[in-house]
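Heads up: the structure comes next, in structure tokens.
2 protein chains.
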Amino acid sequence: MAHFGLDERIMLPNRRNDILTVGELLVDMISTDYDADHESFQYQKFFGGSPSNIALNARKLGVRTLVAASVGEDGFGKFLIDRLRNAGIGTDCVQAVDVSTSLVVVNKSQSTPIPIFYRGADYHLGYNAQLEEALFNSNIVHFSCWPISKVPARHTIERVVESAKKHGAIIGFDPNYHPMIWQRGEDGVAYVKSMIAKADIVKPSEDDAERLFGQDTPARQIEKFLKLGAKLVILTLGKDGAIVSNGKETISFGTRATEVVDTTGAGDAFWSGFYAAVVKGYTIRESLSLGFAVSAYKLRFTGAIVDLPELEAIKDMYGLQEEWI
Amino acid sequence: MAHFGLDERIMLPNRRNDILTVGELLVDMISTDYDADHESFQYQKFFGGSPSNIALNARKLGVRTLVAASVGEDGFGKFLIDRLRNAGIGTDCVQAVDVSTSLVVVNKSQSTPIPIFYRGADYHLGYNAQLEEALFNSNIVHFSCWPISKVPARHTIERVVESAKKHGAIIGFDPNYHPMIWQRGEDGVAYVKSMIAKADIVKPSEDDAERLFGQDTPARQIEKFLKLGAKLVILTLGKDGAIVSNGKETISFGTRATEVVDTTGAGDAFWSGFYAAVVKGYTIRESLSLGFAVSAYKLRFTGAIVDLPELEAIKDMYGLQEEWI
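Respectively, the protein sequence lines represent chains B and V. Count the first sequence with full-length UniProt numbering and you get residues 1 to 325, in order. Count the second sequence with full-length UniProt numbering and you get residues 1 to 325, in order.
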């Protein structure tokens, strides 16, 4: 298994698919007006779900992606599947179940939005032959806290992680723990920690770290993730950039954002840029830089999904051939 | 207990409240464009839930109403409670629970819309002291198939029906059975029939009757409801009006609608007009006529909730002083 030396390239075997995201594929219903708590009359429907956004972005950046997810047998499920197809992403691993497609209602807010969650089809994701086949043929597997927050999807992720380890795939995990999506009456924090132990790469925000470990300095938070077993920890600090450590080397990244129009999906943009770069043979350090460049590019536009160019175009745009940090 | 003679008035005891509706209070998210299956981009948020619409309408028609329902501790729940308050309806029986406020996404359609149901807070309605007090002080209790379609709300309705019978309240039940809202793997039809047996007044549509009993003539469908134990059966036939029977007398009503702009909420408008008239001392026959007049009035406007005048104004508008059928 890769040890994520910052100036090394990860040698990936020759497989049919680069990145497989497993988890939420859902509709975001976002208010057209800014409001504090869902006073809005008008809402607009968007493709959503963090891992699905990552797959869509990474595909645009020029790598091969697959989405494993569960949607309802309804108009919203059809809308999401159509969007994946139009982006050239295979949908063999999208399962249709007899439960409404999951929905998140979001108030557009100048402070922190308060989403209302409608968990439906998403957490009914099962482990089946199509998912296993996709796993065997993928080099990177990615998921967030959504599918592990409820059974039966949690059991599916447990089998996904087991299979991914057996087949030498890199496991990326977004420890975006929030009690609001967690199964009631259960200690989500302990479970998320057990999952960090199994992951290769984690990208917590400072808020994520605080919800998991309490308040502490960035350096000490990173230590806690490493101690649990994560091999590469990317702690994002909002406008202050990020700190990354593999336990031996630690580097800081300033933000590359020059213009911030909308922060929605900036984290997903990072993941997709970082993964795409790893797949394309850049070093970890270069891949991190490219991830932050893609994120900065996304920040200039509204919405979680923006019209990304190929990774190399963004690399040129941010002058990344000369200077890598 | 009243036997619903068509030319009789129901003598109601002197109680603090006229109509208590128990059940769904939720947000309807309706597409702004006509579409076949949720292709729409834009949606608008409305106050919804059939019994809650009935309470709001009946209040406008000039009688006292209360709503017993369960909403989430979120912006949508707050929006619904505010709407009730603004209409002058007490909200002591609206329970707030740690589950998202129920939501129905509806595509505006020229044929039959295909709603997507997000059942959340609504079916967590519990039987508590406030609900019992409201029951003891109400003359009419109304509910639909929603709360009986899932536990724990079903158990609450069972206690409501028991208490209502003990206290001599009239029980109105909308047998709007649909497998899509029913708890999976359970025979909803059998349960709905057991509830019809306990109700005084039921208002099935022809589609409801068919889902419960299979296809048959209107006269024979009415017989089946009466045989189960309902005392007054109002079978609606869309543009062909309605047939009403108490087992001894049967009458037909032609539609009073002259202009049909939007059929949404026409049934709820009927219920509210009928109940308001019963409360105001009209005979059953007169109350039915007034119900159909209120429904015809509603059909002229868009939306489930329209700005109804007092019942007497609608009575005059439709010339109901001379001719009662």
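Don't be surprised by glycine CBs; every beta carbon is placed ideally from N, CA and C.
In this structure His3/V is exposed. Its beta-carbon is surrounded by fewer than 16 other beta-carbon atoms within 10 angstroms.
Taking 8 Å as the upper bound for CB-CB distance, Val94/B and Val67/B are in contact here, some 6 Å apart. Between Ser287/B and Phe270/B, the CB-CB gap reaches or exceeds 8 Å. Gln183/B: not part of any beta strand (DSSP E); DSSP gives it neither H nor E. Taking the Cβ atoms as the reference, Asp82/V lies roughly 38 Å from Arg285/V, outside the contact range of under 8 Å. Interface residue (Cβ-Cβ distance to chain B less than 8 Å): Asn53/V is not classified as such.
Straight through space, the alpha carbons of Asp174/B and Ala230/B are spaced by roughly 11 Å. At least 8 Å separates the CB of Asp307/B from every CB of chain V. The C-beta of Ser111/B comes no closer than 8 Å to any C-beta of chain V. Thr65/B and Phe41/V have their alpha carbons spaced roughly 26 Å apart. Taken residue by residue, none of the segment 220 to 253 of chain V has a beta-carbon sitting less than 7 Å from a beta-carbon on chain B. It is roughly 15 Å from the alpha-carbon of Pro51/B to the alpha-carbon of Pro204/B. Contact between the segment 302 to 322 of chain B and the segment 243 to 256 of chain V is absent: fewer than three C-beta pairs spanning the two stretches fall below 8 Å. Between Pro218/V and Ile243/V, the gap from beta carbon to beta carbon is short of 8 Å.
8 Å or more divides the Cβ of Leu290/V from the Cβ of Gly267/V. Comparing C-alpha distances from Gly72/V to each of Arg15/V, Lys227/V and Tyr123/V shows the shortest one belongs to Tyr123/V.
Of all residues in the segment 25 to 38 of chain V, only Met29, Asp37 and His38 come within less than 7 Å of chain B when Cβ atoms are compared, listed by chain position. Bridge partners of Ile19/B according to DSSP: Thr65/B and Ile140/B. In this structure, the straight-line span from the alpha carbon of Glu162/B to that of Met195/B is close to 11 Å. With its beta carbon less than 8 Å from one in chain V, Asn107/B belongs to the interface.
No Cβ of chain B is located within less than 8 Å of the beta carbon of Lys165/V. In the three-state scheme derived from DSSP, where H, G and I count as helix and E and B as strand, Met29/B is classed as strand. Among the residues of the segment 61 to 78 of chain B, those with a Cβ less than 8 Å away from any Cβ of chain V are Gly72, Asp74, Gly75, Phe76 and Lys78, in the order of the chain.
Residue contact with chain B for Ile140/V: absent (no Cβ-Cβ distance below 8 Å to any residue of chain B).
No Cβ of chain B is located within less than 8 Å of the beta carbon of Ser149/V. Not flagged as an interface residue toward chain V: Leu320/B, since no C-beta distance is shorter than 8 Å. Here DSSP, grouped into helix, strand and coil, assigns Ile89/B to coil. Membership of Gln221/V in the alpha helix (DSSP H) is indicated by the continuous run Pro218 to Leu228.
Val260/B is classed as exposed because its beta carbon has fewer than 16 other beta carbons within 10 Å across all chains shown.
Listed along chain V, no residue sits closer than 7 Å to Lys198/B by beta-carbon distance, the nearest being about 30 Å off. Contact residues of the segment 90 to 107 of chain B toward chain V are Asp98, Ser100, Thr101, Leu103, Val105 and Asn107 (C-beta to C-beta distance below 8 Å). In this structure, DSSP gives Asp208/V a helical state, which the three-state scheme calls helix.
Within 10 angstroms of the beta-carbon of Gly49/V lie 16 or more other beta-carbons, which makes it buried. Burial check for Gln221/B: the Cβ neighbour count within 10 Å reaches 16 or more, so the residue is buried. Neighbours of Lys193/B in chain V, taken as residues at a C-beta separation under 9 Å, are lacking, since the least C-beta distance is about 24 Å. Contact of Ser40/V with chain B is assigned, a C-beta pair being separated by under 8 Å.
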